[in-house]
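Protein chains in written order, with the working numbering: chain A, 1 to 526; chain B, 1001 to 1321; chain C, 2001 to 2298.
Here a beta-carbon is modelled for each residue, glycine too, at the ideal position from N, C-alpha and C.
Because the structure is a prediction, the values reported are computed rather than measured.
To start, the structure itself, in structure tokens.
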Amino acid sequence: MNGAFKKGIAAAAILACVSFAAFGQAKMQVTLANYQIEPTDPDGESLVTYGAKFGVLFVPVNIDNNKYHEILNLKLAAGEVPDFFYLKEADKLNNYVKQGVAAKIPMDMLKKYAPNLLKVLADNAPGYLDMGKVKGSLYGIPAVNATNAFHIPLVYRTDWMKKVGVTKMPTTLTEFESLMYKFARNDPDGNGKNDTYGLSQDGLNAVFGAFGLVPFDHNSKGAAGTDYWLLKDGKVVNASIHPDVKKALALMTKWYKDGVLDPEFITGENQGGYWALSHAFIKGRIGFTTRANYYHWAMPGVYNDIAEDGSKTPCQPGANAKELIAIDPKITIGLGPSLMGPDGKQGIKKYNMLMNFYCFGKQVEKDPAKMAKILAFMEENANPDFLVRNAIKNGTRDKYWKLLDLETETTTFIPPYDKDTGYVSRIGATLLRAELPFPMKSPSNMWAYSLGYDKLGIDNLIQVGLPVATKYKADLMKLRDEAYLQIITGAKPPAYFDEYVKAYLAAGGTEAQKDAQAYYDEMSAK
Amino acid sequence: MATNTDAAGGASDSIATAPRKQPLSRRLWDNRYLILLFLPGMLYFLVFRYVPIYGLVIAFKDYNFSEGIMGSPWIGLEVFKEMFASHGFWEVFKNTLVISALQFVTGFPAPIIFALLLNEIASLRPKKIFQTISYLPHFVSWVILAGLFTQFLSPSTGPINILIQAMGGKPIYFMADPQWFIFILVVTEVWKSIGWGSIIYLAAISGIDAEMYEAASIDGAGRWVKMKSITLPSLAPVITIMLILAIGKLVNDNFDQIFNMYNPAVYRVSDVMSTYLYRKGLEDMEYSLATAVGLFKNVIAFAMVIGANALAKRINDSGIW
Amino acid sequence: MGIVKARLGASGANPAFNILNYAFMLLMSVTTLYPFVFLITSSLSGLDMTLGGFSLLPRDFTFTNYQKVFRNPAIATGYYNTILRTAIGTSLSLLVTFCLAWPLAKKAFPGRNAWTALIVFTMFFSGGMIPAYILVRQLHLIDTVWALVLPELVTAYNFVIVRNYMQTIPSSMEESAKMDGANDIVILFRIILPVCKPIIATIALWVAVWHWNAWFDSMIYVTKASGQVVQLVMRRIVLEGSDQLTQMMAEAQRQGMVIAPEGLKAATIMVTTIPILCVYPFIQKYFVKGVMMGSLKG
């Protein structure tokens, strides 16, 4: 015990000394805070391996990912600014810069030490690097979630469709509406009772999408959601007050009244349990949803995975598919395209691809040698050779993972690590990890491409946090959620939307839009 | 460290002004063993509760990491002004008070009644079993309970509504109707905390001298008389103290419960201080606002506790101090 | 047993009341037991129990969830750290709380009201997380068990309850001991604490359960891998799959590496909750007995 305590104190002492970088030690120390599943010690295998490779001493700053910002802020408040840290919530970049804890990252440093990184971003996510700029200088290197290039899924009960005599997946809002009415009225489950509906809360995304809008984030509880912005006649508008929302709401009000929209949409489709599940859909209450991601709905064998021996094997069911099969193996589902609306717009919500930012501690600004070392391991993550970059992400090849197929970049974890996702953090690999947008090649990605889900997702015009807009965001979202709900349930007439827009603008919406416009103008000026 | 000496100085002042019969040095010497017992605890309070208390000034500062708590610029009452003027602040404050008051009115007596009823169970084994089972909800988090309640209370598939319909009633959407939702918040909170809350009363009951009951039995007193004339009077001091402490919690609300159960249809009545703060905290690093809200709440709570304490002292000469 | 009989003496027993009382207790038990049994079956299910209607039978019975929980290499040290902090934290907290409450329960203690007010003040006003973290850091407590024990050593709430209880003890009890020349320390341990048995057990339960369930302080104050408490280890197992935003987790979910997250969550709750539920009656029994023995011997 005593020894362990001493070791702990020693580690704390190391951390404490780090801010005085020139400590006369042989190796330069680099403190790291990043996405972590479990804590690691300074002797974590990846930290040692890559420390030797780049000639630095990597010191972990273990911060639990679940309360990342809370704890990072405590460390910052106590003056422990890590040399390298990621921002879990991308829209906080502005604030950290304002607080004076993030270092400026000169472009010529990037060009010199991380050319591959720049290339990957430029090739696969053009424009995203600019999101890391505040007042013209780069402070954060964006982490881009390539999988979010695919929009949310449009999932139908195809066995119900057959039952009500529809064979073709809806492609327009009109076809969709007629199908929803049939789901609600023609007893698609054949139990003789009038107990089915067309759609519920998540399904509304498809309707808004047909008007080219993503006005609300249905997964947002108490306004933790994303704000969506779009251009209207060259002006930046918050999607939630776009005049076309009124048209979509009118449709929903009608459906609610006609019993096509599940009256229990208010409490949502998921009722506890795993977040991706749609209880209403799985239990056969509704016939359409857009919940979660496409891969949660993969029925067994819709595409082939690569097996241990390199041969092809039918894929495993996704989380929702698994539950559906358990309820009744005869259930069939299908994933359809986004819908074309009456004004000729077509699309559906997609999540922001901008996920996090990688930042450097303020002290690194005056220490180009250290910045070069940090960029070196980030560059390793951008290495064109898949095997090289997978090693820094997941540890030593053939010890933790092995390659099954290079073409689709399929790997498998070697037991016991296949059932132990935490190992990557225990060896320190996740501390050295940078998520970069490489082209997606896995079989499940190929399936999503074949569905056309990489197209017609509605891009959020502004994905970064805006200083003024964020200030009002939560209150505005509360206004929005209440207004939409009252209109849909008929508690307020459709004309109430105009009142909502007025209230929105009065409660800070005007300032928020001004802020968004200014940011957009600044960005597009380049 | 300044806080430390201040606190000690303030305390010795009050020692000096206290009415005395003997010189202070004599009284200290007389109490030397008690002082020895008292010192570790008081030292703890000074170091761990009073040294960090300077953090309260964040409410009056534009807090900033690079300059720290002391170095950040003063902004006076700016944060409070902004808070009071902010959209919906008074609404959430009112909601907090309403929900807390209702939960207090029902949730305060419930564990006392439960403890008394449990005490009336004659055989030891069922009594222990009932008691242990009543603790269980204390260990289940609101995230899980919220999901279960939503299913139970569903207007179409929930057993409660199936029952209501079977009896000829119309189904009720409990989670989306503002009045019913408040009712559900109150009932579920009482249900979750009744067993755990009764521990203190059961402990006090077990401390009652058994001879008192025996004597009463010999006098022919029934169960009701014994409860009224022995159990309840013996519980009076602990009930008083728990009451005063509970009054101090009236400005607090249960974030985990409300956050996991509410939805836009009931925001109007159930958006409370903690959910408001959560929303604000998400946007920004709102340390100053969080500290200001806490300070605002706790000044009220402190005042209410002082008031309740004075009242309790006047009524039955017992209180916190 | 004599006590029980006497207290509930047959005189005036009302069968109707008894039946009603039992019925009420049974109803209470069923409703409070339900979520717990739900979690037990959930922990034994391969499918999500939230989709099983209101049945309490496991869906797709399996031990996989428990296997996954116990396979985690951090779980043994997690238990060790939790037991350590609970044991040290509870005993030290009781000792200091009762030692502090006794002098302040006595009317003659100099400055009694001022000190009490000073303590009660902290129930409402605190400096928040930042100065607390800086203090713990300056005291070099980071990465030690003391960072988990000392910051919440005594709460004003528990202090008030204990002091209040002690004030109800008749002063005649200590007077005879004083006559025999016992000092205040001896009196506290030999005369007062035995009378405080019920409140000792209550506070011990509160503090022990608090320590057992606490994880946030460990998250802040303990950074080394070997110092994590079991609740934190469990939390990580549970939340591993819930981070829908990371690409890595999306990959893991797609490959089916994150299995039946709800069952897993339930299994971890069982594994962390059942020990404290089972152990407590024994602790209570022996702990209280120990206090008695100590007072008799001393």
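Query: Compute the distance between the beta-carbons of Ser-1193(B) and Gly-1107(B), then report whether it is under 8 Å.; Result: yes
Query: If contacts are defined as beta-carbon pairs under 8 Å, then Val-81(A) and Phe-58(A) qualify, I think. What distance do you get, rounded to the angstrom?; Result: Val-81(A) to Phe-58(A), Cβ: 16 Å. No contact.
Query: Check whether the stretch 60-74 of chain A and the stretch 455-470 of chain A touch, using three or more Cβ-Cβ pairs below 8 Å as the test.; Result: no
Query: How far does the alpha helix (DSSP H) with Trp-229(A) in it extend, from its first residue to its last?; Result: Element bounds for Trp-229(A): not the alpha helix (DSSP H) but the beta strand (DSSP E), 229-232.
Query: Cβ of Leu-2150(C) less than 8 Å from any chain A Cβ?; Result: no
Query: Can you give me the start and stop residues for the beta strand (DSSP E) that Ile-306(A) sits inside?; Result: 304-306
Query: With 16 as the cutoff for other CB atoms within 10 Å, does Phe-1114(B) come out buried or exposed?; Result: buried
Query: Just how far apart, CA to CA, sit Ile-2134(C) and Ala-78(A)?; Result: 6 Å
Query: In this structure, what does DSSP give as the bridge partners for Gln-346(A)?; Result: Met-340(A)
Query: Assuming Asn-304(A) and Pro-439(A) make a contact with CB atoms under 8 Å, what is their CB distance in whole Å?; Result: Between Pro-439(A) and Asn-304(A) the Cβ distance is about 20 Å, and since that is not below 8 Å, they are no contact.
Query: Could you check what DSSP says for Ile-333(A) in three-state terms: helix, strand or coil?; Result: strand
Query: Keeping to the same chain, check which residues put their C-beta closer than 6 Å to that of His-151(A); ignore five residues upstream and five downstream.; Result: Ile-348, Lys-350, Tyr-453, Gly-457
Query: Can you tell me the Cα-Cα spacing of Leu-2277(C) and Met-107(A), whole angstroms?; Result: 59 Å
Query: Give a yes or no on whether 8 Å exceeds the smallest Cβ distance from Met-2028(C) to chain A.; Result: no
Query: Can you pull the chain B residues whose beta carbon is under 7 Å from the beta carbon of Val-101(A), in chain order?; Result: Phe-1065, Ser-1066
Query: Does the beta carbon of Ile-1129(B) come closer than 8 Å to any beta carbon on chain A?; Result: no
Query: Hey, does Tyr-1276(B) have any beta-carbon neighbour from chain C nearer than 8 Å?; Result: no
Query: Is Ile-458(A) helix, strand or coil by DSSP?; Result: strand
Query: Using a Cβ cut-off of 9 Å, which residues of the stretch 266-289 of chain A contact any Cβ in chain C, in chain order?; Result: Asn-270, Gln-271, Gly-272, Gly-273, Tyr-274, Trp-275, Ala-276, Leu-277, His-279, Ile-282, Lys-283
Query: For Asp-189(A), decide whether its Cβ has a neighbour in chain B, counting only Cβ atoms nearer than 8 Å.; Result: no
Query: Kindly confirm or deny that the stretch 276-293 of chain A and the stretch 155-163 of chain A touch, where touching means at least three C-beta pairs closer than 8 Å.; Result: yes
Query: Is the stretch 227-240 of chain A touching the stretch 513-521 of chain A, taking contact as three or more C-beta pairs under 8 Å?; Result: yes
Query: On the three-state DSSP scale, how would you describe Ile-152(A)?; Result: coil
Query: Taking Ala-1265(B) as part of the beta strand (DSSP E), name the residues at either end of that continuous run.; Result: Per DSSP, Ala-1265(B) belongs to no beta strand (DSSP E) and is neither H nor E.
Query: Following the continuous alpha helix (DSSP H) through Phe-1183(B), name the residue where it begins and the one where it ends.; Result: 1178-1206
Query: Which class does Phe-2017(C) belong to by DSSP, given the choice of helix, strand or coil?; Result: helix
Query: Would you verify that the beta carbon of Tyr-2157(C) is, or is not, closer than 8 Å to some beta carbon of chain B?; Result: yes
Query: Within 8 Å (strictly less), CB to CB, does Thr-510(A) reach chain C?; Result: no
Query: Residues of chain A with a CB under 9 Å from the CB of Asn-1263(B): which are they?; Result: Lys-221, Ile-266, Thr-267, Gly-268, Asp-481, Leu-485
Query: Between the stretch 50-74 of chain A and chain B, which residues of the former have a C-beta closer than 7 Å to a C-beta of the latter?; Result: Asn-73
Query: Using the rule of at least 16 other Cβ atoms within 10 Å of the residue's Cβ for burial, across every protein chain shown, is Ala-1203(B) buried or exposed?; Result: buried
Query: Pro-188(A) to Trp-160(A), Cα distance in whole Å?; Result: 5 Å
Query: Determine the DSSP secondary structure at Glu-522(A), reduced to helix, strand or coil.; Result: helix
Query: Can you tell me whether DSSP reads Ile-286(A) as helix, strand or coil?; Result: strand
Query: Does Val-2145(C) pass the burial test, meaning 16 or more other C-beta atoms within 10 Å, or should it be called exposed?; Result: buried
Query: Should Thr-2273(C) be labelled buried (16 or more other beta-carbon atoms within 10 Å of its own) or exposed?; Result: buried
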